[in-house]
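**Q** Here you go, one structure.
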Amino acid sequence: HYTAQVMTVLLVLHLMQVLIDGAYKAPREVNFWTGLLLLFLVLGISLTGYLLPWDQKGYWATKVATNLVGIVPLVGEDLQRMIVGGPDYGHHTLTRFFALHAGVLPALVILLIVGHVYLFRKHGLTSKRPHRKPDGKFWPDQIFQDAVACLAVLATVLILVFWKGGAELTAPADPAERYPARPDWYFMFLFEFLKYFEGKALIIGGVIIPGVLAALLFAIPFIESRWKRAGHIFNLVFVAILFAGFTVLTALAYTRDSQNEEYQFAKAQAQIDADRVRELARSPEGIPPIGAVEILQDDAFTQGRRIFASKCASCHTYDGHDGVGRPQLEPSAPDLKGFGSREWLAGFVDPKQIETPKYFFDTAFIKPDEDGKKSRMVEFVHDLSDLSEQGKGNLEKIIAAVSAEADLHYQAEIDERDKEIIAEGTDLFFEGIAGVSAACADCHGFDGDESEASHTPDLNGWASREWTIEFTKNPAHSRFYGKNNDRMPIFEEEGIFTDRQIELVVDWIREDWVRFGEAEEKAAAAAAAEAAKNRE
Numbered sequence: 004h005y006t007a008q009v010m011t012v013l014l015v016l017h018l019m020q021v022l023i024d025g026a027y028k029a030p031r032e033v034n035f036w037t038g039l040l041l042l043f044l045v046l047g048i049s050l051t052g053y054l055l056p057w058d059q060k061g062y063w064a065t066k067v068a069t070n071l072v073g074i075v076p077l078v079g080e081d082l083q084r085m086i087v088g089g090p091d092y093g094h095h096t097l098t099r100f101f102a103l104h105a106g107v108l109p110a111l112v113i114l115l116i117v118g119h120v121y122l123f124r125k126h127g128l129t130s131k132r133p134h135r136k137p138d139g140k141f142w143p144d145q146i147f148q149d150a151v152a153c154l155a156v157l158a159t160v161l162i163l164v165f166w167k168g169g170a171e172l173t174a175p176a177d178p179a180e181r182y183p184a185r186p187d188w189y190f191m192f193l194f195e196f197l198k199y200f201e202g203k204a205l206i207i208g209g210v211i212i213p214g215v216l217a218a219l220l221f222a223i224p225f226i227e228s229r230w231k232r233a234g235h236i237f238n239l240v241f242v243a244i245l246f247a248g249f250t251v252l253t254a255l256a257y258t259r260d261s262q263n264e265e266y267q268f269a270k271a272q273a274q275i276d277a278d279r280v281r282e283l284a285r286s287p288e289g290i291p292p293i294g295a296v297e298i299l300q301d302d303a304f305t306q307g308r309r310i311f312a313s314k315c316a317s318c319h320t321y322d323g324h325d326g327v328g329r330p331q332l333e334p335s336a337p338d339l340k341g342f343g344s345r346e347w348l349a350g351f352v353d354p355k356q357i358e359t360p361k362y363f364f365d366t367a368f369i370k371p372d373e374d375g376k377k378s379r380m381v382e383f384v385h386d387l388s389d390l391s392e393q394g395k396g397n398l399e400k401i402i403a404a405v406s407a408e409a410d411l412h413y414q415a416e417i418d419e420r421d422k423e424i425i426a427e428g429t430d431l432f433f434e435g436i437a438g439v440s441a442a443c444a445d446c447h448g449f450d451g452d453e454s455e456a457s458h459t460p461d462l463n464g465w466a467s468r469e470w471t472i473e474f475t476k477n478p479a480h481s482r483f484y485g486k487n488n489d490r491m492p493i494f495e496e497e498g499i500f501t502d503r504q505i506e507l508v509v510d511w512i513r514e515d516w517v518r519f520g521e522a523e524e525k526a527a528a529a530a531a532a533e534a535a536k537n538r539e
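Mapping of the sequence shown onto my numbering: residues 4 to 539, in sequence order.
Here you go:
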């Protein structure tokens, strides 16, 4: 990766040296052309290498490049299908690009290097200011200089590797997930340049102008031969303009990207996916035969937040955002971060919070009816405003009891520790709190009992995985809100979600996703069990 970048820089520097020294003039035209071809082949090797990791960056960046091939007049579509290996990317594409990257292009590079060196030896060295002194010896003088140069190149590559931490590996290639594709820095000028050509004009920026510029590069010896010194000056000015254009367009591309909030957001999301798939790949199950993308497509952490953002965030928030990090300024339903936890439930029964955007804000439950009263739940919570210290303690016990129904993994230790408190809270759920006119059990079922009240949620198993899945499928079911359901779609009937999508988003909300620490513990337990079995 970094060697290709360094090699590209060295070839460009060599080309500039050849132009300044006039080493392209007759009889060295062919040698100059072989050097140009070497530069284009090295760029081709870099481009074909993009795809080989089969990650999102390589997939989408290469797709952009092959789409450019498709706009070539007459032969574009056929040429694109030949390169890709069909109408779309697949294993044929990977095979072709690997053959080009590791076989065809390197073989052509070797042939051109042999020809380039042969022509160089044939025509000799060209220098604007030759040193008039006896020739040095190949051994040890030239060998020593070559060794020092190679060491400098190797040191530069190693510095880049350790500085950048190796070549970037993004999430596995997934055609279903868009990626903010960007080429490596030496192609960023073209990425920026093509922004000025849209629709049918793309052929001008993507084929005609690059083709004309490449033809002028190859015509440099002819230009000098026709106009001599004026032609040489023209060639230098032409290449200087190309270099200036390359620099300006590259700088402009990076500047615009740094100021593009959508791009920065997409880049951050892509990094989250890349980190996540590396974590999952370290699990005992490893990477399935179908590929690493499979583990992301069925991962609650990855897919749950995406599903939430696309289908739930129009009403709900998650910690104040849409699930993937975009701020949600006007929620009309509860924030679901920590749903089922003691903290979430304590806020829900807090008179100061229940009508805020985190809970019932902008829902039908806080809107007064004809008698000026709000929903029974809201009225009940406001009755808790004047609780005594003992009453507050009893409310905390009820909260612990109801929250324990959620069976949250991150709350398992305190639920185990507070068994007695939870038992007391269960009793208080039915008995009520002194000073409060109603008990929770007057409206809600709990601890195996069903409430006689209608259109209020049954709290048996409240916020557990099963309860939340069934609630999401049909919140208007008699087990939940019944006819009091406020705008929440009946996803099961309307076909908005598949069953698996509901499971993924529920697992994400409950934070029930695989973690590397958990995977290590499972692996260790499995290894211990296997060792014990072997001993028996």
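By construction, the Cβ of each residue, glycine as well, lies at the ideal position given by its N, Cα and C atoms.
1) Among residues of its own chain, excluding the 5 on either side of Glu524, which ones have a beta-carbon nearer than 7 Å to its beta-carbon?
2) Looking only at C-alpha atoms, which of Asp276, Gln272, Tyr266 sits nearest to Asp301?
3) Whole angstroms are fine: how far does the CA of Ser335 sit from the CA of Cys318?
4) Note down, in chain order, each residue of its chain lying with its Cβ closer than 6 Å to the Cβ of Ile512, except the 5 sequence neighbours on either side.
5) If we count Cβ pairs, one from each stretch, closer than 8 Å, do we get three or more for the stretch 62-77 versus the stretch 183-190?
6) Just the C-alpha distance for Pro354 and Ile499, rounded to the nearest angstrom, thanks.
7) Secondary structure at Glu523, three-state DSSP: helix, strand or coil?
8) Quick check: what's the CA-CA separation for Ala243 versus Val21?
9) Hey, Ala316 and Asp325 are a contact pair by Cβ (cut 8 Å); roughly how many whole angstroms apart?
10) Grouping DSSP H, G and I as helix and E and B as strand, with all else coil, what is Thr359?
11) So, do the stretch 46-53 and the stretch 98-116 have three or more beta carbon pairs nearer to each other than 8 Å?
12) Can the beta-carbon of Leu41 be found closer than 8 Å to that of Leu115?
13) Helix, strand or coil for Pro623? Go by DSSP, reduced to three states.
14) Evaluate Gly375 with the Cβ neighbour count: other Cβ atoms within 10 Å of its Cβ, from every protein chain shown; 16 or more gives buried, anything less gives exposed.
15) Might you give, ordered along the chain, the residues of its own chain that have their beta carbon closer than 6 Å to the beta carbon of Phe200, omitting 5 neighbours on each side?
16) In angstroms, rounded to a whole number, what distance separates the CA positions of Ser39 and Leu13?
17) Is it the case that the Cβ atoms of Asp430 and Ala403 are separated by a distance below 8 Å?
18) Leu239 to Gly202, Cα distance in whole Å?
19) What residue range does the alpha helix (DSSP H) around Tyr266 cover?
20) Measuring straight from C-alpha to C-alpha, what distance separates Met19 and Met10?
21) In whole angstroms, give me the CA-to-CA distance for Thr6 and Glu265.
22) In whole angstroms, what separates the C-alpha of Val517 from that of Ala284?
23) In the DSSP assignment, find the alpha helix (DSSP H) that holds Thr11 and state where it starts and stops.
24) Under three-state DSSP, which class holds His94?
25) Whose C-beta lies closer than 7 Å to the C-beta of Pro460 among residues of the same chain, with five residues either side of it excluded?
**A** Reading it off the structure:
1) Numbered from its first residue, the sequence shown carries residue 524 at position 521. Confidence at Glu524 is low in this model, with a pLDDT of 49, below 50, so its placement is unreliable and no value can be given for it.
2) Within the sequence shown, residue 301 is the residue found at index 298, counting from 1. It is Asp276 whose Cα lies nearest to the Cα of Asp301.
3) In the sequence shown, the residue the question calls residue 318 occupies position 315. In the sequence shown, the residue the question calls residue 335 occupies position 332. About 5 Å.
4) On the sequence shown, position 509 is the one that residue 512 refers to. Excluding positions up to five away in sequence, the list reads Leu339, Phe342.
5) Verdict: yes, contact present.
6) One-based indexing of the sequence shown puts residue 354 at position 351. One-based indexing of the sequence shown puts residue 499 at position 496. Their backbone Cα atoms lie some 34 Å apart in a straight line.
7) Position 520 of the sequence shown, counting from 1, holds the residue named residue 523. Caution applies to Glu523, whose pLDDT of 48 falls short of 50 and renders its modelled position unreliable; the value that the coordinates give is listed next. Reduced to three states, the DSSP call for Glu523 is helix.
8) Translated into positions along the sequence shown, residue 243 becomes position 240. Translated into positions along the sequence shown, residue 21 becomes position 18. So the two alpha carbons sit approximately 13 Å from each other.
9) In the sequence shown, residue 316 corresponds to position 313, counting from 1. In the sequence shown, residue 325 corresponds to position 322, counting from 1. That pair is a contact at about 4 Å.
10) In the sequence shown, counting from the first residue as 1, residue 359 sits at position 356. DSSP, reduced to helix, strand and coil, places Thr359 outside both helices and strands of the structure shown, so it counts as coil.
11) With contact defined as three or more Cβ pairs closer than 8 Å, the stretch 46-53 and the stretch 98-116 are in contact.
12) For the purposes of this step, residue 41 is taken as residue 38 along the sequence shown, with counting starting at 1. For the purposes of this step, residue 115 is taken as residue 112 along the sequence shown, with counting starting at 1. Contact: yes.
13) It is not possible to answer for residue 623, since the shown part of the chain is limited to 4 through 539.
14) On the sequence shown, position 372 is the one that residue 375 refers to. It counts as exposed.
15) If you number the sequence shown from 1, residue 200 lands on position 197. So the list reads Ile207, Gly208, once near-sequence residues are dropped.
16) The residue you call residue 39 lines up with position 36 of the sequence shown. The residue you call residue 13 lines up with position 10 of the sequence shown. According to the sequence provided, residue 39 is Leu. The question's Ser does not apply to it. Roughly 13 Å between the two C-alpha positions.
17) Along the sequence shown, read from residue 1 onward, the residue named residue 430 stands at position 427. Along the sequence shown, read from residue 1 onward, the residue named residue 403 stands at position 400. Contact: no.
18) As a working note, residue 239 is residue 236 in the sequence shown. As a working note, residue 202 is residue 199 in the sequence shown. Going by the C-alpha atoms only, they are around 34 Å apart.
19) Along the sequence shown, one-based indexing puts residue 266 at 263. For Tyr266, the enclosing alpha helix (DSSP H) has its first and last residue at 264-284.
20) Numbered from 1 along the sequence shown, position 16 holds the residue referred to as residue 19. Numbered from 1 along the sequence shown, position 7 holds the residue referred to as residue 10. Going from the Cα of Met19 to the Cα of Met10 covers about 14 Å.
21) Taking the first residue of the sequence shown as 1, we reach residue 6 at position 3. Taking the first residue of the sequence shown as 1, we reach residue 265 at position 262. Each residue's alpha carbon lies about 32 Å from the other.
22) Working through the sequence shown from its first residue, we reach residue 517 at position 514. Working through the sequence shown from its first residue, we reach residue 284 at position 281. Taking the straight line joining both Cα atoms gives about 11 Å.
23) As a first step, residue 11 is located in the sequence shown; it is residue number 8 there, counting from the start. 5-24 is the span of the alpha helix (DSSP H), which, as asked, contains Thr11.
24) As a working mapping, residue 94 is identified with position 91 in the sequence shown. The three-state reading of DSSP puts His94 in helix, counting H, G and I together.
25) Counting from one through the sequence shown, the residue named residue 460 turns up at place 457. So the qualifying residues of the chain are His447, Phe483, Tyr484.
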